[in-house]
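Residue numbers (the working numbering), protein chains in the order written: chain A, 35 to 347; chain B, 446 to 1128; chain C, -17 to 200; chain D, 19 to 501.
Glycine included, each C-beta is placed from N, C-alpha and C at the ideal position.
Below: the structure, in structure tokens.
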Amino acid sequence: MTGWAIEIAQAALVLALAPGLVGVVRWLKARLQSRRGAPPWQPYYELRKLFGKDVIVSSNASWLFRLAPYVVFASTAAAACLVPSLAVTRPLDAVGDLLVLVYLLLLGTVFLSLAGLDPGSAFGGMGSSREMTVAALAEPTVALAIFALALSAGSTNLGQIVGRTLADPAAALSPGHLLAFAALFVVMLAETGRLPVDNPATHLELTMIHEAMVLEYSGRYLALIEWAAALKLLVFFALLGNLFVPWGVAAVAAPAPLALALGSLLVKLAVIAVVVAVLETRVAKLRLFRVPELLSVSFVLALLAVTSSFLGR
Amino acid sequence: MTLETTACLSAYMVLAYLGGAFAALLPLRSGLTRALTAGGAIAGAGAGIALAARVLIAGEPFALTVPALLTVGGGVALRLDGLGAFFLLLIGVVAAPAALYGVGYSAAYAGRYSLRWLGAMLNLFLLTMSLVVLADNVLTFLLTWEAMSLASYFLVMTEHERDDTVAAGGWYLAMTHVGLALILVAFVLLSPAGGGGGFADLRAAAATLSPALRGVVFVLAVLGFGSKAGLVPLHVWLPRAHPAAPSHVSALMSGAMVKLGVYGILRVALDLLGVGPAWWGALLIGLGAASALVGVLYALTEDDLKRLLAYSSVENVGLVFIGVGAGLLFASLGEPAAATLALAAALYHALNHGVFKALLFLGAGAVAHATGSRDMNRLGGLIGRLPWTAACFLVGALAIGGLPPFNGFVSEWLLFQSLLPAIGSGAPLVAPVMTLAVGALALTAGLAAAAFVKAFGITFLALPRSDEARAAHEAPVTMRVAMVVLAALCALLGLGAAFVLPVLGGLLAGHAGLPRVAPALTAGPLLLPPGGGASMSPSLLAIGLLLALAGAWLAVRVGAARGLRVGDTWGCGRIGQTARMEYTSTAYAEPLRRVFAELYRPTEDLTIDVHPESRYFVQSRTYRSEIVPWFERYVYAPLVRWVAAGAAHTRAIQSGSAHAYLAYLVVALLALLAISLAWSASL
Amino acid sequence: MDSLFAQLVVLESSLALIFGLVLLWRRGVPAYVNAFTWQSLVLAAVAATVGWFGRERELYLVAALLIAVKGIAIPRLLRRMERRFGTERELAPYVNTATSLVVAGLLVLFGGAVMRPVVAASELPTRAGMPLAMGLVLVSLFVVVSRKKALTQVIGFLMLENGIALLALLGAYGIPLIVELGVFLDALMGFLVMQIFVYRIHETFDTLDVDQLDRLRH
Amino acid sequence: MLFVFLLGPALASALLALVVRPYRAAVGAVNAVLSLVTVGAALGLWREVLAGRVPVAGPDDLLRADALSTLLAFCVSVVGALAAWLGPGLGDDGWDAAQARRFRIFANLFAATMLFAVTTDNVGFMWVAIEATTITSALLIPLHASKASVEASWKYVLIGSVGIALAFAGTVLAYFDFATLVGRETSALSWTLLRDVAPALNPRVLDLAFVFILIGYGTKAGLAPMHTWLPDAHSEAPPALSAMMSGVLLAVALYAIVRWQAVVRAAVGHGFADDVIGLLGVLSLAVGSLSLVTQRNYKRLLAYSSIEHTGLICIGLGLGPLGVFAAMLHLLNHSVAKSMMFLLAGRVLRRYRTAEIDGVAGLLRVMPWTGGFFAAGMLAVLGLPPFGMFVSEFALVRAGFAAGRPLTIVLVLALLAVGFVGVLGHLNRMLYGRPSGSVPVGEGGRWALLPLGACLAALVVLGLTVPAPVERLLLDIAEIVTP
């Protein structure tokens, strides 16, 4: 019984933390650019505001336009539940592994792209086309990074990967792990639409990818999509944190280790948020047709990660 | 059920198809002919499924020989073992809905093309396909194989008044004939000198063959069956023949016939030749990866919906061959459990592809039936006009894109899991090959998702781009029922993976290099690949997704029940929204075309004609872009040129001059006399 | 006795070959017809010689037939045809005379080489003449190939048959009588058919130049 | 006794046609019925041979029918019957009385000479008969007096006569070899005697003789490079004659080659003879299939296809007993299929008025039955299942590998593929597409389709199974040719 309790706790925690994380990143960027910036909990206000507003739907759009937000939110939430944010041994661990998690995120991206096409506006089409391009090019890197991790752990299950690294700390510093971390970090930037690939804060239609798809949304649909985007960011941060630096994740389901796990999770998320914020203030956005070069760099990193892990055996 | 019931089931199947073919030929009203055709086909498919299910469950193969026929090849020998039963099941599962669909779809042919001929050929095509998996000696196999190609050729030629159909038919029959020649040589090389043509004799003789000869036989089989399966570089007929055929025939060809190429290679490599060296598996993985990438890359830039689906068939066959190649590789490296998983994953993907590709082709057929056009740049906005077709096409697109909770995702996940242990294995060459295979698999999965978002989005969403699209109407009921059945099957195969996998494991057991008793591949709802600790449960995942969806919907419904208005949304100040503002299929694929520019080498020409009075007012702007058809231009064109040159030379022999003719005769006499002299001198 | 027989036969065979070469040397159909007539007569002489020395009574009948058909009947038909179509100007053959003769010489040598094992295997006194017979066969083949007019080709074909008949006579004192008669009947019928076609060609093409007959191509 | 029923009817019909001055349809009808008697006689021979007896007739066994003769006699009689039923003067009504009379006289003489050629035991008379076939058929080619048909017949006569004369030279040399060994008596030219005494013959002379014989009879069989007369003669001749020539005349010439091959194999062992036949076979296959690619006239297309299949049969003859079995099965298939195709081509020609492939379109729509048969026949000639050629080509490939000639077989398959692709393009254009307005839709002379349908059915039966009597006969032939 306690397993399921942890699952629910984890889900609630993740859902609650996500908008805050986005707020923290925005706040950090503002401070780094010597601006006061909105407080980190600003996104919660936005969500409450959006949920309260009426919805206007384009006359060209179909039922898919209305279904898409729910599917995007559901798939990202399901992915979030699979991440071992607090404990290792949990019932959901057997249901899905790292591959399933990635494909759930891809499901969300696909529905978002379709929703972008539905109203028939040029920007929606452009955003959808570019989003699918980036997602498609990121796939091989993700797969190889997963295989690099899976090789040392012997399986792609998240629990086992975390457990394996906990049991043998030296592995965390092995070249395979480090290269995989770098590759996944680049993929995170691409998938969640962070700066070098796509500017989350921009409204200049020609440059944005993620924003262009959601231009037509309003009200509670927009709230769901914003929340899902925040959830996706949290999923990637938690993955980067717990898979590569697993210390603190509770090995056994007792209250003390869980509290420690919560603390260590928050610390890891904060550290990654700072790194991302610093990166975003220093780096300018890449032209869209330079993004594949960035992704091919990450692909080579992942390839080296895999080769080093099986050469090392 | 004893052996007689299987015998009578097979007899019933053959009679049903023959009955359907004969009934179709009767001079009746077109409606009745179409109904009888579908009746015969569905009855035959049903009998086929029952037969396959019986053999799969009961486990013992069913055999039947008719010595009177085909005496030269040692009589007609039929035998259905696990491997054959699986493909028979696949044929049946695809054939029944396609035949039902055909009733509505072929109504449009009533005046122009002969429905009776179409009906008869459809039933014969299904019959010969079913007999190919039953054949148990060389001549029966070759006869049914070529008859299948012939029947499908006539089906492709149904709409013969379109000139691209005639060209497609030509390409198709030429390629399959070349394939048959390769298969013929492979089988004859394999059969023992004593002349016994049965597969049992071949199995016995294969053990005694020298490794070099076994290698030659394997390569010939891969090329021969690869040309039917659509492996690169022998795939060029597939994107021509499938779109030209009527849609329910394309569904059958892409869904079932292409898989018989896979069946052929499995029969030769697994069953007849037994365990081979490691390079066999590596060759198949290489060809599979190449086919997958070429298929998806050309599918991405395709504007014709059915050609896009045909290229995607090349891609999915490539994925299947990666699985088969991995299986053979593990078998040769002595890891039977991993081999079983890889082969099971390949078979599962073949089944899944059969189902969702048939669904997509039927959907494309419904679109063509409604709008009369297959060019995506002229479609759009059909989701409102063809709601059923759109929903089913969406299910098919998600399944083929490898997205949970549908069946495509499950088989792709299994393929990934089957490649995992190889990267860890010690053999020198294996790890790099496998890493590249995983990279290719993942890139293909990603690009496939992009291709099918484009296919669905541009065809069904937003505003209709032409009058035909605007005036489109929903397909007749028989077509919708067929599509719904297949869509349901996609979901079922996805959720029921835990039941399907053990059956696949079972039918593979006992073959060369595989364990006698199949390893446990599942534990309850969980899929458990042997060796690795990874597991996944598609059914629980689907339930989780539905719960999350329902939860979100309820929460929003209760928490934020606000008004919803449908109107004209703000478009940065433009006046009205017209169809010309939308992204077209060419535009959608433009970023990826730019990314893979080296491969596509796109040629773009932009013509802008200006208003006569002033240069500054543009009247119209046409943009045309072509990509390089590598294989046609650099593999087949030189071959055709070379044959044409040879033909031109032989034409010169018949120059018309009697003296030249007599000179040939005298020269031949003198030459032979010289040879005879030299020969007798050496005697 | 045998040496006289052998020398006589070799003399007659070489005479037949020389008449064959006349076709290559001279120009004009009348000359060709005369050459063919004399060749047939020499062939009849060979048949008579072999009949007399080899004590083969039937060969006298063959000799008589040869004189009647190939000596008198066919030449008269040929002359009638020549008179009817003679007006047409003479056509230069494919190969000029000098080269033709050189080629003919080579062919005779080649014929000799080809027949060496046959001569070695034969014990008949007439074996020495066989290379000459094969020479005549090859020369007449060359005539049929190189001459342009249909009529000349017919004459070349008739000389080919003479060559083979000579070969039969020298090799085995002639083939059995019944078959010989059959062969003779065929030769005659063959000539008559060719004659019909020569008339038909002249009717439709107004010329006997076979080079004009090249409408059927590829 | 059977021989009288075999040769008699043909001669009687010829005589009847000669006597009845203004030709009347009754003569055609009698001729057709008599041709059925010939077929009956051939079947009688077949039953005799299967019972193990070798029927013999005539002064000192002039006529002798073993398994090989029976197969050829059957083919000649069947195709003769087809020509009688569907030829000018009865089935084919596009000719005037004089032409019909001339056809009836010479076609029957043609059939009689061929039947005599295949049933005589004396190689001398075999040569006389085959020379006679040239003469009798030559006069029929220009039935339509046109420049092209005169040219075709002149080339046919000239090249045919020169070739056959060389074959006589070969026969003379073989007789010389035999005479030096055994002495000269009339029975010396008997084939059975020749084969029995063969081991003692001088191998060098026999090989020399075989070269002449192969070039001579090869010319009549249309083997490359002596094939040049065949496309012209077959495309200009009337359809019934083309059927007889392409169907069986080539087969009779091959019969003569096989007879002599048996003698040479007995004398010299199979080294030289088989290699040379195989070489000419491959050459013919190459010329045949490559020429199919650029053809523009469908009658010439069928003629080149005959060259291709004759080449295949010769390749089979060079591959040992299994090869001979496959070759003879292919010969039977080819005779039936090719004669049917030429008769069908004749019907298409009369409807479309042009022999050009581009001139014919939408054949399936204009003449559904003829078009259907034409398509099925073309697929049979291409070697597709369920027709007989597929099985015989499979047997050929298996024989090739059994005889240890994989490279030859690979080359054969490649050339067959080229031929297949070539013909396919033309077939597609003829069958499908929209017919030009001027062509009237509908079949003429529906009764003619009955025998052609029977031929197609025979091909399908041969395709699905080789019936026991046929198989036993073919095995006997293989036994004769390669003991």
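query	result
Three-state secondary structure (DSSP) of Ala456/B	helix
Spatial neighbours of Ile494/B in its chain, beta-carbon cut-off 7 Å, leaving aside the 5 residues before and after	Leu534, Gly537 and Val538
Closest residue to Met263/D among Ser95/D, Ser155/D, Gly437/D and Ala242/D (Cα-Cα distance)	Ser155/D
Whole-number beta carbon distance between Phe278/A and Ala206/A, since they are thought to touch under 8 Å	7 Å
Paired residues, beta bridge with Tyr1068/B - DSSP	Leu1051/B
Cβ-Cβ distance between Val537/D and Ile160/C below 8 Å	Coverage of chain D is limited to positions 19 through 501, which leaves residue 537/D absent and any answer about it impossible.
For Ser264/D, the three-state DSSP class (helix, strand or coil)	helix
CA-to-CA distance, Val168/A to Phe1076/B, given in whole angstroms	28 Å
Rounded C-alpha distance that separates Val305/D from Gly768/B	45 Å
Coil, strand or helix - Ser92/A by DSSP	strand
Reduced DSSP secondary structure (H/G/I, E/B, other) of Leu(-10)/C	helix
Cα-Cα separation between Ser343/A and Phe775/B, rounded to whole angstroms	20 Å
Range covered by the alpha helix (DSSP H) that runs through Val922/B	Val922 to Leu940
Helix, strand or coil at Arg100/A according to DSSP, with G and I counted as helix	helix
First through last residue of the beta strand (DSSP E) which encompasses Phe507/B	Phe507 to Val511
Closer than 8 Å to chain D by CB, Trp1124/B	yes
Contact with chain B by Pro243/D, beta-carbon distance below 8 Å	yes
Same chain only: Cβ atoms within 7 Å of Val312/A, ignoring 5 sequence neighbours per side	Leu66
Distance, Gly706/B Cα to Val500/B Cα	22 Å
Whole-number beta carbon distance between Leu337/A and Thr880/B, since they are thought to touch under 8 Å	7 Å
Interface partners of Asn220/D on chain C, CB under 7 Å	Ala103
From Leu157/D, Thr237/D and Leu226/D, residue whose alpha carbon lies closest to that of Leu1107/B	Thr237/D
Distance CB(Ala882/B)-CB(Leu864/B) smaller than 8 Å	yes
Counterpart residues of Pro106/D in DSSP-defined beta bridges	Asp110/D
Rounded straight-line distance, which links the Cα of Leu108/D to that of Leu362/D	16 Å
Backbone CA spacing between Met446/B and Ala452/B [nearest angstrom]	Any reading at Met446/B must be qualified, since the residue scores a pLDDT of 48, below 50, and its modelled position is unreliable; the value itself is stated next. Taking the straight line from one Cα to the other gives about 11 Å.
Residue of Gly1021/B, Ile903/B, Pro970/B and Pro1047/B minimising C-alpha distance to Leu148/A	Ile903/B
Proximity test, Cβ basis, 8 Å: Gly164/C and chain D	yes
The beta strand (DSSP E) enclosing Val85/C, as first and last residue numbers	Taken as a continuous stretch (DSSP letters only), Val85/C belongs to no beta strand (DSSP E), being part of the alpha helix (DSSP H) at Thr79 to Ala103.
Partners in chain C for His1104/B, counting only beta-carbon separations shorter than 8 Å	Tyr76, Val127, Ser128, Lys130, Val192 and Asp193
Run of the beta strand (DSSP E) containing Gly1012/B, from where it starts to where it stops	Leu1009 to Gly1012
Any C-beta of chain B under 8 Å from that of Arg197/C	yes
Chain D contact residues for Ser1121/B, given Cβ-Cβ distances below 9 Å	Arg222, Asp225, Leu226, Phe228, Val229, Phe290 and Val294
Near-chain D residues of the region 599 to 633 of chain B (beta-carbon distance less than 7 Å), N- to C-terminal order	Met602, His605, Glu606, Val611, Gly614, Gly615, Leu618, Ala619, His622, Val623, Ala626, Leu629, Val630 and Val633
Closest residue to Phe905/B among Leu986/B, Glu857/B, Met821/B and Ala979/B (Cα-Cα distance)	Met821/B
Same chain, Cβ closer than 7 Å to Asp1050/B, five either side skipped, listed in chain order	Arg1069
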